[in-house]
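For the sequence shown, the working numbering gives the first residue as 151, with consecutive numbering after it.
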Amino acid sequence: MELMNILTLIISLLVAVGFIGVIFRMFEKSKPSVEYIVMLAVLIAIAVVANFIGSILHIDLVFFIVIMAGVVFGKESGFLVGALSIIVFGLISGAGIGTWTPYQMIGFGLLGYTSGLFANKMESLPFRAVFGLLWGFIYGWITNISWFYFVPISVPSIISTYTASIFYDASRGICTLILLVIAYTWFKEIFQRNKEKYQLE
């Protein structure tokens, strides 16, 4: 492994540790109620199931669930659901925890966070369609970084890596776009009812 790759690995491990620390710090500061913890666990479970189904059908359903968690329950909840669901999925699916995991956590965590951040704008159909499409690419750009543990870092390798993922990034974004167009209102109503039922703010 070249020096640059070793440095990348070290930095990534530090990022992963820091990211996990941020997650638990956010959780601690929120002073969560029992109801909130239960609802968070349910949302993570839904995201994990969506990931399982998506891996079988070769479609990315989990992006939609993480977005809805952020929109309805807030950016911190979206962040936690996104980041923690990846760890749970990796542990129980057999995919494991690897060099890619920190970047998946960052990608899904930021997806959930930005969904909550732009919750009001998500009511606009054009906005959420573009949001879903763009995040298909943004997530790919983030997780592609893990590939450089295995190949030398150079301009040609960067170009080839990001070019090779365009199809997958686009299909992921299009799938998320479609779900946000046809299922957003229905899922928001379901999530909102449960939020109000258990008085989660």
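Heads up, the beta-carbon is just placed ideally off N, CA and C, and yes, glycines get one too. Owing to the predicted nature of the structure, the values given are computational and were not obtained by experimental measurement.
- Residues of the same chain with a CB within less than 8 Å of the CB of Gly323, apart from the 5 flanking positions on each side, are Gly282, Leu283, Leu284, Trp285, Gly286 and Phe287 in chain order.
- The straight-line gap separating the alpha-carbon atoms of Leu230 and Tyr299 is approximately 26 Å.
- Inter-segment contact for the segment 181-190 and the segment 243-251 is absent: fewer than three beta-carbon pairs are separated by less than 8 Å.
- Rounded to the nearest whole angstrom, the CA to CA distance from Leu260 to Ala333 is 22 Å.
- Under the three-state reduction of DSSP, Gly246 is assigned to coil, being neither helix nor strand.
- Ser310 counts as exposed, since fewer than 16 other C-beta atoms from the protein chains shown sit within 10 angstroms of its C-beta.
- For Trp285, the enclosing alpha helix (DSSP H) starts and ends at Leu275 to Thr293.
- In the same chain as Tyr318, and ignoring 5 residues on each side of it, the C-beta atoms closer than 7 Å to its own belong to Gly290, in chain order.
- At a cut-off of 4 residues, the continuous stretches assigned as alpha helix (DSSP H) that sit fully inside the segment 192-256 are 212-223 and 225-243.
- Ranking Ile161, Val238 and Ile209 by CA distance to the CA of Ala191 puts Val238 first.
- Ranked by Cα distance from Pro276, the first of Glu178, Val331 and Ile340 is Val331.
- Distance check between Val280 and each of Gln254, Thr326, Ile161 and Phe258 places Thr326 closest, using alpha-carbon atoms only.
- Secondary structure of Val301 (DSSP, three-state): coil.
- About 5 Å separates the Cβ atoms of Thr293 and Tyr253, confirming a contact at the 8 Å cut-off.
- Residue nearest to Glu273 within the set Val222, Arg175, Val301 and Ile209 is Val222 (criterion: CA-CA distance).
- When Thr251, Val199 and Ile215 are compared, the shortest CA-CA separation from Ile170 is found for Thr251.
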